[in-house]
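Quick note, the sequences are listed as chains A and B, same order.
If you're matching positions, the first sequence starts at 0 in numbering that gives the first Met the number 0 and goes up one per residue.
If you're matching positions, the second sequence starts at 0 in numbering that gives the first Met the number 0 and goes up one per residue.
2 protein chains.
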Amino acid sequence: MLKIALAQIEIIPGRPDINTKTMLTMIKQARQQCAQMIIFPEMSIPGYFLGDTWEQLTFLKDCEEYGQRIINASTDICIVFGNIAMDWNKVNDDGRVRKYNACFIAHQGKLLGNDNFPYPYRIKTLQPNYREFDDSRHFYSLRKLSVELGKNVGQLLQPVTLNIANKQLKVGCLLCEDGWCDDYAVKPIGAIHQNGPVDFFINISSSPYTIGKNNKRNRLFSSQVKNVNCPLIYVNNTGIQNNGKTIYTFDGCSTVYNRRGEIIEYCPAFSTKLACVDLHLTTEHIETVTATPNDDSDIHTIYQGIAYGTKHFLDSIGMRKVVIGASGGIDSAVSAAIYTKILGPDNVLLVNMPSIYNSRTTKDLSAKLAQNLGCQYTIIPIQEVVDYTVEQLKKSSITNLSTGDKQQLTISPFVIENIQARDRSARILAGVAAAFGAGFTCNANKSEMTVGYSTLYGDQAGFLAALSDLWKHQVYELAEYLNRHIYKKEVIPQDIIDLVPSAELSFEQSVDEGKGDPIIYPYHDYLFRAFMEHWNRRTPEDILLWYEQGILEEKIGCQTGLVATLFPTPVEFITDLEKWWKLYTGMAVAKRIQAPPVLAVSRRAYGFDHREAQNRTYFTMNYELLKERLLQNRS
Amino acid sequence: MLKIALAQIEIIPGRPDINTKTMLTMIKQARQQCAQMIIFPEMSIPGYFLGDTWEQLTFLKDCEEYGQRIINASTDICIVFGNIAMDWNKVNDDGRVRKYNACFIAHQGKLLGNDNFPYPYRIKTLQPNYREFDDSRHFYSLRKLSVELGKNVGQLLQPVTLNIANKQLKVGCLLCEDGWCDDYAVKPIGAIHQNGPVDFFINISSSPYTIGKNNKRNRLFSSQVKNVNCPLIYVNNTGIQNNGKTIYTFDGCSTVYNRRGEIIEYCPAFSTKLACVDLHLTTEHIETVTATPNDDSDIHTIYQGIAYGTKHFLDSIGMRKVVIGASGGIDSAVSAAIYTKILGPDNVLLVNMPSIYNSRTTKDLSAKLAQNLGCQYTIIPIQEVVDYTVEQLKKSSITNLSTGDKQQLTISPFVIENIQARDRSARILAGVAAAFGAGFTCNANKSEMTVGYSTLYGDQAGFLAALSDLWKHQVYELAEYLNRHIYKKEVIPQDIIDLVPSAELSFEQSVDEGKGDPIIYPYHDYLFRAFMEHWNRRTPEDILLWYEQGILEEKIGCQTGLVATLFPTPVEFITDLEKWWKLYTGMAVAKRIQAPPVLAVSRRAYGFDHREAQNRTYFTMNYELLKERLLQNRS
């Protein structure tokens with residue numbers, strides 16, 4: 000029997016000083032609980048998402064020095080932790096010093112493991128380079144090392160030998176992606192098992208929360224564990240980390256699987272936790288199942304992720320107050336309810352900024368929302384400055400200094416719409432926020448981010464776009480969840496939920512007449528999801544083929560019968576499809592480049608997870624053929 | 000003797016249709032010139048920087064089909080080209096379909112090379128994952144394939160056998176990074192040579208322009224060629240490609256090296272070109288040296304890169320007109336001169352937007368600049384709306400809806416500075432640009448981008464930041480170059496060049512009193528460069544150590560004696576250092592996340608080339624010790 004402490008700590012990225020302190024405190028607690036081993040997450044000293052900070056030699060040395068403090072603390076307890084490992088005599092492919100994403104095992108003040116390996120630590124074998132991950136940019140994998148050493152990678156995947164309480168143990172060390180080996184030619188767990196016998200496996204991770212990811216991990220890891228008939232301890236961190244444009248939450252959910260693949264310990268999501276488990280090391284005993292993980296794909300977990308991520312992001316930038324433009328619409332209402340929950344009503348200022356196009360309905364709903372939340376509220380109209388601006392631009396005389404000709408600008412209704420949006424954000428909200436000692440929020444959702452249905456420096460602006468990884472239908476779901484489960488009363492007025500969504504930037508967009516956004520969310524949410532979230536990203540060619548085959552709704556997941564109702568003919572269907580594809584791959588890219596940071600919850604978030612170039616819109620050869628066929632059949 | 004055509008084409012990223020058409024035209028021309036072989040750049044069909052477009056299966060199939068058209072055109076000429084190569088039966092590490100960055104050699108309608116290789120094409124061995132490159136995210140390298148096949152990578156690096164004019168030839172195929180193998184364990188050119196004999200090498204590239212890169216390439220490739228005693232033909236594309244936040248120009252500069260490493264053909268930078276060379280295939284003959292490459296690190300090439308990149312970016316987004324906020328300062332003046340050269344004076348509108356803080360001096364200089372350029376000009380004052388905004392915010396009553404308390408905002412002078420900056424960009428310039436059918440430019444330079452010395456949604460806004468990869472001293476250099484060499488007269492008034500740089504957002508920033516920016520460019524340009532451009536990025540620890548050792552100026556490259564003049568004591572030095580480091584790693588990161596696209600020219604540009612997380616500022620353990628030592632010594 001071995002007493003093991005799982006240290007599910009909050010890691011502050013780029014702060015080895017703070018993280019080391021946290022770890023030393025946890026080590027002390029584990030010692031008090033008589034744990035013989037404590038396991039920290041991957042990259043527990045430096046943090047994981049640091050951009051190119053890995054190119055600072057002084058930072059790397061600093062991490063080594065803090066790592067040494069942890070090693071020094073291992074006198075009477077075995078400490079497993081993640082850190083950057085340096086080989087100062089070798090280089091990475093880019094010529095910079097050699098860096099490994101490594102798992103250290105320290106005991107009695109010494110590092111273990113170099114009796115059967117070139118280094119006194121273990122190296123990550125499989126490095127993710129999809130979604131938000133950039134491992135190959137910074138770290139040298141065991142796969143590369145094996146090529147360099149002229150060895151088979153399997154030879155290098157050796158267990159680490161420990162002596163605890165006069166018993167020799169063999170531990171298999173995995174780092175995060177090593178456990179997700181389905182698509183890789185190399186299977187680390189199998190290879191280490193072959194080089195065993197192994198008493199138990201450890202997987203130290205720094206694995207961001209994504210809707211449904213833990214469900215998948217539990218299936219995957221359970222099945223691996225059963226195959227090798229060994230317990231596995233998975234330790235993941237909490238906190239948030241970001242890649243600039245995209246912010247990730249880390250939910251922890253550290254888990255212990257017994258040799259049958261059953262879960263015997265499951266740390267709660269999004270909480271710091273030191274969990275102690277007694278692990279049987281003989282096959283005769285099997286640990287009792289005491290924990291059941293939650294489903295992590297429902298609206299409750301999404302809310303948790305967004306609230307946790309937003310709170311921690313505010314903390315990380317030292318922001319204590321926010322200003323929210325409250326239009327009376329659903330996005331700003333959900334935003335207001337979330338921020339109020341996090342910061343308290345005194346620290347949330349809702350600003351309603353009416354123009355002549357805003358209805359009594361939405362103005363009243365905005366006030367009602369503020370009333371329900373009990374937060375700070377003010378009304379700052381924009382009409383005067385909008386009118387002044389239009390007049391000022393119209394009257395400005397433009398002189399051609401080559402010819403002496405003079406001309407004046409004409410201001411179209413569309414230009415005036417954008418002037419309003421920018422007036423609200425860049426003139427009012429930014430000014431109010433600065434004076435209030437706050438930041439102002441961006442309330443954009445994923446549907447509008449996809450097609451750029453927003454104004455740059457207008458409603459697209461803000462210090463954080465906390466809802467921009469939620470499709471519009473998820474924003475509604477969240478609104479209802481907030482009322483029912485978080486506030487347990489109707490803080491977001493039901494009328495806001497029932498109202499047609501509209502920008503109210505012209506009389507054409509009157510909510511009272513039921514005239515709203517050009518995006519038909521029950522269909523477009525799912526179309527856009529196919530463009531951007533499907534693992535093999537869908538293009539108009541896929542969509543049109545499915546349309547032709549009559550399987551579109553099934554494929555994208557929207558309601559059956561909807562497509563025919565919305566688009567009676569192929570011409571209308573194709574016109575709509577091309578319009579949104581052009582926006583998604585055109586102007587919306589330009590807008591996203593300048594968008595605020597996105598808080599990620601889905602399996603594909605904008606920003607660093609959805610890398611994109613501002614290139615020209617493209618339709619494939621086969622799309623054009625399909626289109627021709629469909630339009631000809633019609634005539 | 001073999002007649003080879005180098006096809007230095009402009010590649011449009013993401014447009015296989017256009018690129019294939021360009022290639023077919025070039026093939027026809029090469030045939031007319033009796034070339035026996037034509038060589039296109041890397042990824043000549045799809046383009047190279049496409050973000051995650053590589054995840055669209057329909058796009059991949061499309062590229063294959065266009066590739067087949069090129070193969071079909073190879074009846075009487077051997078065609079070498081780059082394209083994505085698919086193995087639909089295998090997967091990449093991420094589980095998506097297997098993709099190779101490949102070099103195809105087609106002759107008589109068939110692909111060559113699978114007599115000694117698993118595929119009828121060659122695969123990139125070394126994949127860059129530094130700077131702007133993301134190869135491992137998308138492509139499976141030959142290194143990984145060798146591990147998968149259980150072979151040594153050297154065994155797979157075989158030359159391709161061709162039969163041209165009844166002569167058997169062995170060609171060594173390299174893809175871009177394969178030629179830059181200094182820091183890799185694998186050396187492709189050497190390995191292919193060992194599996195030879197090789198008649199000549201080909202390197203197909205898609206290599207972005209960077210100051211001084213061609214100088215380095217010529218040294219490197221010459222030396223490799225001498226070692227293997229084989230000619231090498233390097234073909235690179237022109238055009239621009241981007242990763243969203245960062246835009247790269249491709250200069251071409253395709254080059255033929257004879258077996259002595261001498262340059263016998265050098266295509267001009269930034270031009271489409273079909274160059275034919277006669278290559279001797281016996282060691283008795285050696286081609287005559289006829290070409291000398293230009294130095295590509297001087298201000299002339301920087302200007303070329305910026306003008307070419309800006310013009311092509313405008314073309315790619317279909318923009319024909321620009322609006323420039325002209326302050327009378329150096330950045331907007333240089334911007335105006337460049338855009339006027341590209342678009343013609345009729346399509347450039349300079350807008351001067353004075354407040355009470357703008358001096359007669361800069362207002363006059365702005366007018367003089369517009370006069371000299373002969374472009375469109377207007378003056379739109381901001382004071383009235385700024386005053387109105389300040390009053391409106393002050394008067395707005397904020398109600399605490401929990402307590403009923405009311406409060407009003409106080410507006411500090413600093414808040415008013417930012418209100419002015421946003422009023423100019425988000426209210427005036429964005430409105431004028433929309434009405435004028437134009438985009439408005441961001442004139443920020445790299446020095447201010449580094450520390451966020453700009454206002455978000457204010458002077459940091461715009462559709463493109465064309466000068467933001469130039470340090471302030473380079474902007475001055477460019478101003479003088481524009482007057483002397485491009486316009487050949489003083490279009491940028493000398494007084495603009497001589498004036499102290501200032502934001503003029505308060506009376507504290509009066510140019511007439513010589514009060515300017517807080518950035519002391521002759522020192523900070525070099526300090527900031529050490530933070531962000533040095534290959535091993537420098538931190539306050541490095542800087543302070545060099546300061547202590549008296550070698551700082553030498554290390555960062557600023558003028559000798561400057562540091563002691565600016566900072567008489569360590570306290571002052573340290574205060575300054577910490578102030579800028581905090582900004583660079585703090586607020587400036589937040590601003591850069593929402594900055595416009597950056598046009599890259601340097602060896603490190605902001606955006607995708609300088610990946611960064613919005614984390615907390617950090618000073619290493621050793622920095623704190625050094626600081627303590629320096630401050631103690633003083634007392």
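Glycine included, each C-beta is placed from N, C-alpha and C at the ideal position.
Keep in mind it's a predicted model, so treat the numbers as computed, not measured.
Chain A contact for residue i (CB, 8 Å cutoff)
i: asparagine 399/B; result: yes
i: phenylalanine 435/B; result: yes
i: methionine 620/B; result: yes
i: cysteine 175/B; result: no
i: leucine 408/B; result: yes
i: serine 135/B; result: yes
i: histidine 311/B; result: no
i: phenylalanine 48/B; result: yes
i: valine 322/B; result: no
Unbroken alpha helix (DSSP H) run spanning residue i, endpoints
i: glycine 171/B; result: No alpha helix (DSSP H) contains glycine 171/B, which is instead part of the beta strand (DSSP E) from 166-174.
i: glutamine 382/B; result: 382-394
i: histidine 192/B; result: 187-193
i: glutamine 370/B; result: 359-372
i: aspartate 541/A; result: 539-548
i: valine 152/A; result: 152-155
i: tyrosine 637/A; result: In this structure chain A extends from 0 to 634, so residue 637/A is not present and cannot be described.
i: methionine 22/A; result: 15-31
CB of residue i within 8 Å of CB of residue j, strictly
i: valine 255/A; j: valine 288/A; result: no
i: lysine 169/A; j: glycine 189/A; result: no
i: alanine 335/A; j: leucine 313/A; result: no
i: leucine 582/A; j: proline 539/A; result: no
i: isoleucine 17/A; j: alanine 29/A; result: no
i: aspartate 177/A; j: lysine 123/A; result: yes
i: glutamate 41/A; j: glycine 13/A; result: no
i: glutamate 395/B; j: isoleucine 379/A; result: The sequence given here has serine at residue 395/B, not glutamate. Result yes, Cβ atoms of serine 395/B and isoleucine 379/A sit closer than 8 Å.
i: threonine 309/A; j: leucine 469/A; result: no
i: alanine 101/A; j: valine 333/A; result: no
i: asparagine 442/A; j: leucine 481/A; result: no
i: glycine 50/A; j: glutamate 532/B; result: no
i: serine 205/B; j: tyrosine 47/B; result: yes
i: arginine 426/A; j: valine 384/A; result: yes
i: glutamate 552/B; j: leucine 561/B; result: yes
Below-8 Å beta-carbon distance, residue i vs any chain B residue
i: tryptophan 534/A; result: yes
i: glutamine 375/A; result: yes
i: arginine 71/A; result: This sequence places asparagine at residue 71/A; arginine is not what is there. Chain B contact via Cβ: absent.
i: tyrosine 456/A; result: yes
Host beta strand (DSSP E) of residue i (start-end)
i: alanine 432/B; result: Taken as a continuous stretch (DSSP letters only), alanine 432/B belongs to no beta strand (DSSP E), being part of the alpha helix (DSSP H) at 429-435.
Next on the checklist: Would you call the region 258-266 of chain A in contact with the region 148-167 of chain A, where contact means no fewer than 3 C-beta pairs closer than 8 Å?
Outcome noted: no
Item to check | Minimum length 3: unbroken beta strand (DSSP E) runs contained in the region 259-343 of chain A | outcome: 262-265, 272-278 and 321-324
Item to check | contact_flag[the region 485-496 of chain A, the region 350-368 of chain A] where n(CB pairs < 8 Å) is 3 or more | outcome: yes
Checklist entry - Along the chain, which unbroken stretches of the alpha helix (DSSP H) at least 4 residues long are found entirely within the region 100-145 of chain A? => result 134-137
Checklist entry - Is there contact between the region 600-609 of chain B and the region 127-134 of chain B, where contact requires at least three CB pairs shorter than 8 Å? => result yes
Checklist entry - How about the region 241-258 of chain B and the region 59-79 of chain B: do they share at least three Cβ pairs that are nearer than 8 Å? => result no
Checklist entry - Does the pairing of the region 49-58 of chain A with the region 609-621 of chain B give three or more beta-carbon distances under 8 Å? => result yes
Checklist entry - Should the region 504-517 of chain B be regarded as contacting the region 584-597 of chain B, the criterion being three or more beta carbon pairs within less than 8 Å? => result no
Checklist entry - Touch check for the region 401-415 of chain B and the region 427-436 of chain A: three-plus C-beta pairs under 8 Å? => result yes
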